[in-house]
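Below: one structure, written as structure tokens.
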Amino acid sequence: MDSVLSFVPIWAMILAAGIFLYVLLDGFDLGVGILYGFEPDLESRNLVMNSIAPIWDGNETWLVLGGFALLAAFPLAFAIIVPALYFPILLMLLALVFRGVAFEFRYRDSEHKSFWDHGFCYGSGLAAFAQGVMLGAFIDGFETEGREFVGTSFDFLTPFSILTGAALVFGYSLLGSGWLILKTEGDVQKRARRSGRISLIGVLIGIGAVSLWTPLVSSEVAERWFSWPNLLFLSPVPVLTLLAAYLTWRALNGSTHAGAFIGAVCLFALSYLGIAISLWPFIVPHKFTLWDAASSNTTQAFLLVGTLFLLPVILVYTGWSYWVFRGKVRADIGYH
């Protein structure tokens, strides 16, 4: 009876969707922030800033939702993951806060505009790197004893986590390049195409390295991907990844305005799917499954009622903001 009434799959989907939407939506505006520092003049920087000005802060709603879902529905996972990743989480949050301050003060403190410009760029890059480090540490797993984290505060810092941190910076830059190609014209768009090509190469190196590293260090992951018939059933994932990379490269070198962004989204979706396949059904890798870490059915049911009312509201206002501010931007008046 308990298995029939289990809300764990529903909360797992909510958590997975929230994390993916955060990575995708805040990822491209963090990527735009990273590329912002490479714009050569004030007009170009204004144009880049205007491309995300109406929507950048709303994108972080999904970070709050993901944190809430983890705490409420999977408290054991929250109690292990947060202490294990305390320093990169702190770095990410400080970088996001400073980035937001820099965004606002850039317009209000013209005497120090150069300082705030650098702050916006570096804050975006640090937040992206910290998120990538957290991803690598999560895939590596955490040292636990019983139901508690017993590792040190610096266990997260490994060659693998640094690799994933750098790879995510390139990944967000690729998303940001795709967004700028979609939203701008002229020299800014040309620079975005060039940055996108460099970023795509970095992304592919990162995907390749992670794909080789994880099965080599984990027999469970190797068994998941390379045993028969899993090898046959899962082969479309790497094949589609290579196809998406090829089409993205073509879009970056062509004249299409939306192709590069769509391709980058597909690469992120396929990478996300690959990680999910490798780790399923664990929410604390190789230690606790979703069911092990879940709160009681009563708690999940109570929280689900409010969440199911809240989610459509978030989706509607997010979709509406993107619809209202659709189209190309200009540095002088914003959207046209």
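Per our numbering, the very first residue in the sequence shown carries number 6; after that it's consecutive. No residue lacks a Cβ here, since even glycine has one placed at the ideal position from N, Cα and C. In this text the structure is predicted, and so the values were computed from the model without any measurement.
- Under the DSSP definition of a beta bridge, Glu153 partners with Glu150.
- Per DSSP, Ile210 lies in no beta strand (DSSP E); the unbroken alpha helix (DSSP H) holding it starts and ends at 191 to 222.
- The beta carbon of Ser326 is closer than 8 Å to those of Pro59, Ile60, Gly63 in its chain, skipping five residues each way along the sequence.
- Counted as a single uninterrupted DSSP element, the beta strand (DSSP E) harbouring Phe287 occupies residues 287 to 289.
- Contact check for Leu180 against Phe33 passes: the beta carbons are separated by less than 9 Å.
- Note on Gly324: under 16 other CB atoms within 10 angstroms of its CB, so exposed under the neighbour-count rule.
- Between the beta-carbon of Gly23 and that of Trp67 there is about 5 Å, and that keeps the pair under the 8 Å contact cut.
- Approximately 7 Å separates the beta-carbon atoms of Lys333 and Thr189; this is inside 8 Å, confirming the contact.
- Counting only runs of 4+ residues, the alpha helix (DSSP H) found wholly inside the region 121 to 189 occupies 164 to 188, in chain order.
- Separation of Leu185 and Leu252 (C-alpha to C-alpha, rounded to the nearest whole angstrom) is 18 Å.
- Taking the C-beta atoms as reference points, Ile39 is found no nearer than 9 Å to Val289.
- Measuring C-alpha to C-alpha distances from Ser56 to each of Ala74, Phe73, Leu35, Leu76 identifies Leu35 as the nearest.
- Contact between the region 270 to 287 and the region 242 to 256 is established, with three or more Cβ pairs separated by less than 8 Å.
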